[in-house]
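Under the numbering used here, think of the first position of the sequence shown as 6, with each following residue one higher. Yeah, the Cβ is synthetic: ideal placement off N, Cα and C, and Gly gets one too. The structure under discussion appears below in the form of structure tokens.
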Amino acid sequence: MPGIDTHRDERFMDLALALGRRGLGNAWPNPAVGAVAVDTAGAAPVIVGRGWTQPGGRPHAEAEALRRAGARARGATLYVTLEPCSHHGVTPPCVEAIIAAGIARVVSAIEDPNPEVAGQGHARLAAHGIAVEVGLRGAAARRAHAGHFSRVRDGRPFVTLKLAVSADGKAGLAGRKPAAITGEGARARAHLMRAMNDAVLIGIGTALADDPLLTCRLPGLEARSPVRVVLDTALRLPPTATLVRTARTTPVWVVAGPAAGEEAERRLRSLGVEVLRCGATAGRIDPAAMLRLLASRRITRLMVEGGPTVAASLIAAGLVDQAAIFRARKAIGADGIDALEGMPLSALTASPRFALRGIEAVGEDTLETFERTSEGLGQSARTLRVPGDDEPEPLR
């Protein structure tokens, strides 16, 4: 095998990561993996196969790349963004396909935390004489597979909170009247974010006030709309709501409290809405139990577009992993609705639990991206140690 070229390896792993992103929001319940098969025998490397996890989670990225490579996979290097699976599921293990294809070297970005894999895939490849290298672009792979890691390790989806705020930090007009705060560029970016998440969540207050559709309406991406989730403790969502009327086209899940009426549930179910029951505290859905419930339904990446109450409850519980704040240039005024119920926006933007990762212009608005720090991770871990879906436990 020719000498290892680290710079070349990095370029091909970057390509695999880019390919994997094609599956975000479309590959669940499986992780959105990318893979590239490269023939390095000649004077210059040649890509012989590319793959990414297909809709619904299969075929896997490795199988796709090897299928495209065909006989040219023999002796090639396979770059993959997550450890190849080693267990029998709906499809045979990817390690068997890699071995059968005659791959000579596997460059894997990161080990899979899934207990059914957890290093066994790498070990089986090495046992068959395949050179295995792990860790290239590991940090980028962790971000790319954050939803998979969160569901497997923490028992909940990776949560991205999206906020649209005025220049003075308001999310709506006085009297809780909705307002078009950001411009077309920010709205288009939000639609793209929806396409890259498995589900999008709002509270019943937003559902009643805005009557939103919550689909991805970018040209060519309409079919990539996420599952639409409404937190509705008492099942107040009316049959006339846009979400209900479109439930047979794009899935709608309503998360209700244990005391919500059975007749209201039957009515929603008859219209194509799926009703899930979850524990509630003081008349509100318990956020940790709700996230565990979504994880049990195989959701890995959740985008939260709910109003100030939902946003504040998730921040207070330490359950937000990433925040995307779209800021407009115009102010609403002191009588406007705060972006976070009962807490200043600085509870997110100036908290040691979050770090600013980037600022960019999006049309006429600005997008600020925050990621949870190790301090925030500690709080989330404590929050999620609860005895059951119906009974929240206080922080320890």
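Remark: fewer than three beta-carbon pairs, one from each stretch, lie closer than 8 Å, so the segment 11-25 and the segment 253-265 are not flagged as touching. In this structure, residue 88 lies near residue 122, with their beta-carbon atoms less than 7 Å apart. A direct Cα-Cα distance of roughly 14 Å separates residue 68 from residue 36.
Take the alpha-carbon of residue 354 and the one of residue 166: they are about 12 Å apart. Beta-bridge partners of residue 236 (DSSP): 208, 260. In the displayed model, residue 148 falls within a helix according to three-state DSSP.
Annotation: the segment 69-102 contains the following complete segments of the beta strand (DSSP E) (minimum length 3 residues), in chain order: 82-85. Under the DSSP assignment, residue 241 falls outside any alpha helix (DSSP H); it carries neither an H nor an E label. Judged by their CB atoms, residue 187 and residue 333 are nearer to each other than the 7 Å cut-off.
Straight-line measurement puts the Cα of residue 43 at about 12 Å from the Cα of residue 16. Contact between the segment 304-313 and the segment 281-295 is absent: fewer than three C-beta pairs spanning the two stretches fall below 8 Å. Along the segment 179-203, the alpha helix (DSSP H) occurs as fully enclosed runs of 4 or more residues at 189-200, listed in sequence order.
By the Cβ test, the segment 144-151 is not in contact with the segment 125-135, since fewer than three Cβ pairs between them sit closer than 8 Å.
Here residue 113 carries a strand assignment [DSSP, helix/strand/coil]. Take residue 170, set aside five residues on each side of it, and the residues of its chain with a beta-carbon closer than 8 Å to its own are 176, 186, 330, 331, 332, 333, 344, 350, in chain order. Shown here, residue 340 sits in coil according to DSSP, grouped into three states, outside any helix or strand. Exclusion of the five residues before and after residue 200 leaves 30, 221, 226, 229 as the residues of its chain whose Cβ lies within less than 6 Å of its Cβ. In the structure shown, the three-state DSSP call for residue 268 is helix.
A distance below 7 Å between beta-carbons, with the five flanking residues on each side excluded, links residue 46 to the following residues of its chain, in chain order: 80. Going by DSSP, residue 137 is part of the beta strand (DSSP E) stretching over 136-139. Inclusion of residue 38 and residue 11 in the CB contact set at 7 Å is not warranted, their separation being larger than that value. Here residue 114 is buried. Its C-beta has 16 or more other C-beta atoms within 10 Å. Within the segment 18-44, no alpha helix (DSSP H) run of at least 4 residues lies entirely inside it. Going by DSSP, residue 125 is part of the alpha helix (DSSP H) stretching over 125-132.
When rounded, the separation of the alpha-carbon atoms in residue 238 and residue 259 is 9 Å. The Cβ atoms of residue 74 and residue 61 lie no closer than 7 Å to each other.
In terms of CA proximity to residue 98, 126 leads the group 126, 197, 172. Residue pairing of residue 290 in beta bridges, as defined by DSSP: 285. Out of 278, 336, 300, 255, the CA that lies nearest to the CA of residue 161 is found in 300.
Distances from the CA of residue 33 to each of 223, 241, 178, 153 were compared; the closest alpha carbon is that of 153.
Secondary-structure assignment with DSSP links residue 377 through a beta bridge to 359. Secondary structure note for residue 330: it is in no alpha helix (DSSP H), and the uninterrupted beta strand (DSSP E) holding it is 327-332.
Non-local beta-carbon contacts of residue 234 in its own chain, meaning distances under 6 Å to residues more than five positions away in sequence, involve 204, 206, 258 in chain order.
Where residue 354 is concerned, the enclosing alpha helix (DSSP H) starts and stops at 351-354. By the 16-neighbour rule on beta-carbons within 10 angstroms, residue 275 is exposed.
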